[in-house]
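Numbering (this note's numbering), first residue to last: 97 to 208.
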């Protein structure tokens, strides 16, 4: 089934949607502190916990939830592409977010 995947196009579309959500939420991808805060939020995001209040959530919160979902989808798309031997690259905004995600990623050192 992987032969039918168009990872580059999918990643491009997801990156564009991430940029749109960040613009909607006034998140500047040039602002490292804002990107690290977003990365931390995305890494802490629990879709099951937040899904319970979806119907009553304010628009800004819904946009943030959608952004966290897009970040997860982008990571999945890039990972699947890599497993299929394809190097997938996102936009400059995605690259800034990826750097922030990597910087905020919990260290495995605490589990030893």
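Every residue gets a Cβ at the ideal spot worked out from N, C-alpha and C, and that includes glycine.
Taking the CA atoms as reference points, residue 130 sits about 7 Å from residue 123. Counting along the chain, the unbroken alpha helix (DSSP H) around residue 110 starts and ends at 103-120.
Sorting 158, 155 and 189 by C-alpha distance to the C-alpha of residue 170 places 189 at the top. Residue 167 and residue 107 have their C-alpha atoms roughly 11 Å apart. If the five residues before and after residue 125 are omitted, its C-beta is found closer than 8 Å to the C-beta atoms of 115, 118, 131, 188, 189, 192 and 193, all from its own chain and listed in chain order.
Rounded to the nearest angstrom, the Cβ distance from residue 159 to residue 121 is 6 Å, consistent with a contact under 8 Å.
Short of 6 Å from the beta carbon of residue 175, and not among the five residues preceding or following it, lies no beta carbon of its own chain.
Considering only 201, 161, 165 and 186, the residue with the shortest C-alpha distance to residue 112 is 186. Here residue 138 carries a helix assignment [DSSP, helix/strand/coil]. DSSP places residue 159 within a helical segment (H, G or I) once states are collapsed to three. In the displayed model, residue 180 falls within coil according to three-state DSSP, outside both helix and strand.
The continuous alpha helix (DSSP H) containing residue 198 extends over residues 188-200.
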